[in-house]
Structures are given as C-alpha cells and as structure tokens.
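Here the sequence shown is numbered in the numbering used here, starting from 1 and rising by one per residue. Ideal Cβ placement from N, Cα and C applies to all residues, glycine included. Quantities reported herein were computed from a predicted structural model and do not represent experimental measurements. Structure first, commentary second.
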Amino acid sequence: MTNVIGRIDQAVHMTATIVKGITDEQLTAPTPCPGWDVRTELNHLVGGMRIFAAELTGTGPGGEHEDDWLGADPQDAFLGAARLDLAAWHRESALKTTVRLGFGEVPGPMAALIHLTEVLVHGVDLAIATDQETLVDQQACDDLLATMRGMDFDAFRRPGMFGPELHQPAGAPAHRRLLAFLGRDLAPHRAT
C-alpha cells in the first residue's frame, strides 16, 4: 500500500460520481449490503465519513453513526461529508493520529485502510444497486482486494462486518471479486 491517502481520494471521488447519479426512486432499492437499501447505506457512509473526519481533527461529529445524515438532499449531504473527510485525511498528522472506532482504537495507517475499505466498498455497493457499475474504478478494487488477501483478514469476518468469501465466476470484474471476498451475495444483482 503505497499512498493510502491518495487511494482514499480516488475512492471518495469515484463514490461521489456514483452518488451524483442516484435518483430519488433508487433510494429504496436493495444493495448488496445485507438488509440495507440505498438510502440506509448512503446514510451509513456519510455518517462514517463525518465521524472519521471528527476523529482526525479532534472535533465532534455532530451525531451518532446511524443518525439521519442525509436530510432532504442526499447528494449534498455526501458532498459536504466528502469535503470534511478529504480535508481531514490531508492533515499532516492524519496517519499519526489514533482513531477511535466502534470496536476500539486503531493507529492512523490502519484507520486509513479501514476507511478506504468503507468508502470504496460502499461506493461499489451503491453502484451495483443503482445500475452504475461502469463508474467503478476497477484498479482501485483490484488493489484493495490484493491488500486484503495479503493480510490476516479472518479477524474481520464476523457478523456486522464481513462474511465468508463467496464464489465469483472466472473473469468476473474486480469490483465483483472484491465484494465476493467480503461475503456480499451478488446473486440478486446481475452483472451489467
């Protein structure tokens, strides 16, 4: 992992493009994230971005993770969270900061990898749920999958995080292989 901050930038920009294309009618569509529709997953992502930004800057996030962060304008809520998030990760001290997450404190570099995973994977989920898979950054997905395969990932395979790896057919695009590695059932979401 050479430049995790640059990879976060790419993931945020990719996801911003996907979020921009979400229509009001698609907010109730199911996503590959079990039990979540598009609005729920987008809200979780926006809340997470605001909480990470608050942790990195030593400020209050303004709410709990699963509060309603989207209000009446989900796209604007995402863009506001993205601005805060990117500014926080670009602080000189970002990777030296200890970040408090729901499961405990983690050092900056591990927090950055976790955040990259959150933004990229939820972005891919939203792309699949809203028929925007062509906007997914395949190289970013392939790079993250390689990083995950190179570490002891089993510690993250638990309810509420990630399930056991699922099969994807040979030649499946990187984003679908990444989600299958994380236990996302893509059977209801056919490839476009």
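Item, Value
"Tell me the residue span of the beta strand (DSSP E) that contains Val-106.", "104-107"
"Let me make sure I understand the geometry here. Which of Phe-181, Asn-43 and Thr-117 has the alpha-carbon closest to that of Gly-71?", "Asn-43"
"Bridge partners for Thr-98 per DSSP, in chain order?", "Pro-107"
"Which of the three DSSP states is assigned to Pro-61 in this structure?", "coil"
"Checking 9 Å against the spacing of the C-beta atoms, do Val-19 and Pro-61 come in under that value?", "no"
"When DSSP labels each residue in this structure, what does Pro-30 get in the three-state scheme?", "strand"
"So who's on the other strand from Asp-37, going by DSSP bridges?", "Pro-30"
"Return yes when the Cβ of Glu-55 is within less than 9 Å of the Cβ of Val-99, no when it is not.", "yes"
"Just checking, does the region 17-36 make contact with the region 137-152 on the three C-beta pairs under 8 Å criterion?", "no"
"Three or more beta-carbon pairs under 8 Å between the region 127-147 and the region 105-112, yes or no?", "no"
"Let me confirm a value: Met-49 is counted as buried when at least 16 other C-beta atoms fall within 10 Å, else exposed. Which label applies?", "buried"
"Which value, in whole angstroms, describes the spacing of the CA atoms of His-167 and Ala-88?", "37 Å"
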